[in-house]
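Residue numbers (the numbering used here), protein chains in the order written: chain A, 18 to 247; chain B, 439 to 655. Cβ coordinates follow ideal geometry from the N, Cα and C atoms, glycine included. Values in this document were obtained by computation on a predicted structure and should not be read as measured data. Only one structure is covered here, and it is reproduced in the block below.
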Amino acid sequence: MSSVSYRKIFRDGVWQQNTGLVVLLGLCPLLAVTGTVVNAIGLGLATTLTLVFSNLAVSLSRGLLRPEIRIPAYVLIIASVVTVIQLLMQAWLHDLYRVLGIFIPLIVTNCAIIGRAEAFASRHAPLPAAVDGLATGLGFCIALIALGALREILGHGTLFSQAHLMFGELGRVLQLTLVPEYRGFLLAILPPGAFIGLGLLVAARQWLDSRKPRPRPAAAPAEAQREAAA
Amino acid sequence: MTERPDRIWRSALLLAVVAVIGTATLSGVHELTAERIAEQERRVVLEQLEQVLPAARYDNALLTDRITVTDTAYFPGGQTVTVYRARRAGEPVALILRHRAVNGYNGDIRLLTGVDVDGRITGVRVTGHGETPGLGDGIEVGKSDWILGFTGRALGDPPEDRWAVRRDGGAFDQLTGATITPRAVVGAVHAALRYVERNRARLFTRPAETGAESSTR
Numbered sequence: 018m019s020s021v022s023y024r025k026i027f028r029d030g031v032w033q034q035n036t037g038l039v040v041l042l043g044l045c046p047l048l049a050v051t052g053t054v055v056n057a058i059g060l061g062l063a064t065t066l067t068l069v070f071s072n073l074a075v076s077l078s079r080g081l082l083r084p085e086i087r088i089p090a091y092v093l094i095i096a097s098v099v100t101v102i103q104l105l106m107q108a109w110l111h112d113l114y115r116v117l118g119i120f121i122p123l124i125v126t127n128c129a130i131i132g133r134a135e136a137f138a139s140r141h142a143p144l145p146a147a148v149d150g151l152a153t154g155l156g157f158c159i160a161l162i163a164l165g166a167l168r169e170i171l172g173h174g175t176l177f178s179q180a181h182l183m184f185g186e187l188g189r190v191l192q193l194t195l196v197p198e199y200r201g202f203l204l205a206i207l208p209p210g211a212f213i214g215l216g217l218l219v220a221a222r223q224w225l226d227s228r229k230p231r232p233r234p235a236a237a238p239a240e241a242q243r244e245a246a247a
Numbered sequence: 439m440t441e442r443p444d445r446i447w448r449s450a451l452l453l454a455v456v457a458v459i460g461t462a463t464l465s466g467v468h469e470l471t472a473e474r475i476a477e478q479e480r481r482v483v484l485e486q487l488e489q490v491l492p493a494a495r496y497d498n499a500l501l502t503d504r505i506t507v508t509d510t511a512y513f514p515g516g517q518t519v520t521v522y523r524a525r526r527a528g529e530p531v532a533l534i535l536r537h538r539a540v541n542g543y544n545g546d547i548r549l550l551t552g553v554d555v556d557g558r559i560t561g562v563r564v565t566g567h568g569e570t571p572g573l574g575d576g577i578e579v580g581k582s583d584w585i586l587g588f589t590g591r592a593l594g595d596p597p598e599d600r601w602a603v604r605r606d607g608g609a610f611d612q613l614t615g616a617t618i619t620p621r622a623v624v625g626a627v628h629a630a631l632r633y634v635e636r637n638r639a640r641l642f643t644r645p646a647e648t649g650a651e652s653s654t655r
């Protein structure tokens, strides 16, 4: 528990160990709600909030919890955080909540969250733990939004449609129709489009990574975390 | 096996403390949000109802003047239908049924159908469905105008044997690339009309039911 580099936390969370594109955790919501950018942002923000607060709570309790009850305690913490967020969304972002539906409560089952609790928050002080939650959430958001944008542009020819669900009436000015009179591209909207799109994004990330000639000392941690979560 | 009992008890206690803290937080947040959530849900229902029957046409509290009915001959699939009763100065104006079409392409299609006292449809809207995006989802009002074709229709308009989609020799268009979805909706709306025709007087006079609404979807 030596000094932590916030730079490294962000680089890992957003790029090197991106939850959606490298570690490949939380794929169910990632694939299911990315029909539009607005849905993607909604789920991304809810997941990020969950990560920040669950990491914080786990970090605060790290001296108290014995190993044998660690996992059930984390599940309780995460479930409470998610339910609080669900209630707040129902009260203040009701229409968006109705669109995202079951995927908000299902954030509990996103293994990325318990993964971060176990791998990082349980071994670090509250501040770095919260920052790690933020970075991981940001990385997940980026994956969600990239996939959402890809599918919405290809599938509907629009961007930010239904933005009023999140930003109120102001959001209506955000809605862009990129291709007027677009007939739609069904494959992009349907589940296969989500899988194909995710594959393309993973490949694109790998390609960008491989172009950077900087020698990296083995990308083993990502593998290890995947193994641990499997 | 070598674990000492007091150690197990302490672990259990710790876990219980975590659970109590979680529960306390949740009940706190629930207290803070319950009223607002209930209000939001009422708003959603009113917005839905407004689409099939403009609020200007009635003056009673539609959300509380409602009953539930079941009739497997008209509403198959074991559904419980909520009926809202619109009145003006105490006189019946219209009924709004929250029912489902059970023979869609993928799961139930949830419908809201408004019928005025003369038996004419004041509007039909889909409030939830799992039909194919880009094909069957043309029944949504945001995707196409198809569902608006019901407004003003009644039993006998079109004639009884033409209450079907065009492919089945009826008067209603199908959607491009989708016949099953519109067929299901036409069938369900027709059944709702026939049910209202047979039961109208009874539906208006039955005392209103209280309690929370089962579903707004």
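Residue i and residue j closer than 8 Å at C-beta
i	j	result
residue 67 of chain A	residue 124 of chain A	yes
residue 94 of chain A	residue 76 of chain A	no
residue 61 of chain A	residue 161 of chain A	yes
residue 166 of chain A	residue 176 of chain A	yes
residue 545 of chain B	residue 532 of chain B	no
residue 593 of chain B	residue 636 of chain B	no
residue 285 of chain A	residue 64 of chain A	The structure shown does not extend to residue 285 of chain A, since chain A is modelled only from 18 through 247, so no value can be given for it.
residue 624 of chain B	residue 608 of chain B	yes
residue 38 of chain A	residue 571 of chain B	no
residue 105 of chain A	residue 471 of chain B	yes
residue 91 of chain A	residue 49 of chain A	no
residue 603 of chain B	residue 534 of chain B	no
residue 464 of chain B	residue 86 of chain A	no
residue 214 of chain A	residue 140 of chain A	no
residue 174 of chain A	residue 190 of chain A	no
residue 515 of chain B	residue 634 of chain B	no
residue 99 of chain A	residue 74 of chain A	no
residue 172 of chain A	residue 210 of chain A	yes
residue 205 of chain A	residue 478 of chain B	no
Test: residue i CB closer than 8 Å to a CB of chain E
i	result
residue 175 of chain A	Of the protein chains in the structure, A and B, none is chain E.
DSSP bridge partner residues for residue i (one or two, in chain order)
i	result
residue 556 of chain B	Paired residues: none, contrary to the question.
residue 522 of chain B	B/504 and B/534
residue 551 of chain B	B/535 and B/562
residue 595 of chain B	B/592
residue 624 of chain B	The partner list for residue 624 of chain B (beta bridge, DSSP) is empty, contrary to what the question assumes.
residue 175 of chain A	A/194
residue 476 of chain B	None; residue 476 of chain B has no bridge partner.
residue 616 of chain B	B/613
residue 603 of chain B	B/610
residue 529 of chain B	B/526
Other residues of its chain near residue i: CB distance less than 7 Å, five sequence neighbours each side excluded
i	result
residue 246 of chain A	With a pLDDT of only 49 at residue 246 of chain A, under the threshold of 50, the placement of this residue in the model should not be trusted, and no figure is reported.
residue 69 of chain A	147, 150, 151 and 154
residue 622 of chain B	539, 541, 542 and 547
residue 561 of chain B	489, 490, 491, 552 and 589
residue 82 of chain A	90
Chain-order list of residues whose beta-carbon lies under 6 Å from that of residue i (same chain, five-residue window excluded)
i	result
residue 21 of chain A	145
residue 19 of chain A	Confidence is the limiting factor: at residue 19 of chain A the pLDDT is only 48, short of 50, which leaves the residue's position unreliable, though a coordinate-based value still follows. Correct list: empty, nothing qualifies.
residue 505 of chain B	521, 644 and 647
residue 567 of chain B	547
residue 442 of chain B	none
residue 497 of chain B	526
residue 605 of chain B	612 and 617
residue 96 of chain A	125
Run of the alpha helix (DSSP H) containing residue i, from where it starts to where it stops
i	result
residue 647 of chain B	No alpha helix (DSSP H) holds residue 647 of chain B; DSSP gives it neither H nor E.
residue 74 of chain A	54-77
residue 47 of chain A	44-49
residue 25 of chain A	23-28
Sequence-distant residues of the same chain with beta carbon closer than 8 Å to residue i, five excluded per side
i	result
residue 569 of chain B	542, 543, 544, 547, 575, 577, 616 and 619
residue 484 of chain B	493, 500 and 501
residue 486 of chain B	550, 563, 565 and 654
residue 1 of chain A	The question about residue 1 of chain A has no answer here: the residues shown for chain A are numbered 18 through 247.
residue 582 of chain B	576 and 613
residue 559 of chain B	551, 552, 553, 588, 589, 590, 591, 592, 627 and 631
residue 237 of chain A	In this prediction, residue 237 of chain A has a pLDDT of 49, which is less than 50 and means its spatial position is unreliable; what the coordinates show is noted afterwards. Taken in chain order, the list of residues that qualify is empty.
Residue i: CB within 7 Å of a non-hydrogen atom of the ligand SAH
i	result
residue 95 of chain A	The model depicted lacks the ligand SAH and carries no ligand whatsoever.
Mind listing, in chain order, the continuous alpha helix (DSSP H) runs of no fewer than 4 residues lying wholly within the stretch 82-153 of chain A?
-> 84-109, 111-117 and 128-136
Can you list, in chain order, the stretches of the beta strand (DSSP E) that have 3 or more residues and sit fully within the stretch 179-215 of chain A?
-> none
Curious, which full-length beta strand (DSSP E) runs of at least 3 residues does the stretch 446-473 of chain B contain?
-> none
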